[in-house]
Ligand code: SF4
């Protein structure tokens, strides 16, 4: 059992893998599993959050890249980050071109992004 195999197992669970399942599935003891998880955490390949399953404390393990992208998914439209984060402009949302463009790209996807480029006075 290697760290690479553990990482593969964690990657195959987009919702995150429970550490209490990991050592059972991979047929290793929990202490060895803890050492492998510690190494993956140290190498910044995974993140973990405490979770209780049937009253027993364990950890839900996520691949580092996936957990980051999932965290911000609701703020991304295509590759564009939600425009209000960090915005210091005087805010009138009903008249904000950046917000309208972002919402339009959510609703319309790539086609909307192309369409907004054609009609936007800002571009
Ligand atoms: S709606 Fe427009 S002006 Fe208001 S915070 Fe968002 S981006 Fe800035």
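Residue numbers (the working numbering): 22 to 144. Where is the CB? At the ideal position from N, CA and C, for every residue including glycine.
- Counting only runs of at least 3 residues, the region 32-115 fully encloses the following beta strand (DSSP E) elements, listed from N- to C-terminal order: 67-74, 77-84.
- Excluding the 5 residues flanking it on each side, residue 47 has same chain C-beta neighbours closer than 8 Å at 22, 26, 27, 30, 54, in chain order.
- Contact check for residue 82 against residue 40 passes: the beta carbons are separated by less than 7 Å.
- Selection 67, 78, 75, 102 evaluated against residue 85 yields 67 as nearest (Cα-Cα).
- The three-state reading of DSSP puts residue 23 in coil, since its state is none of H, G, I, E or B.
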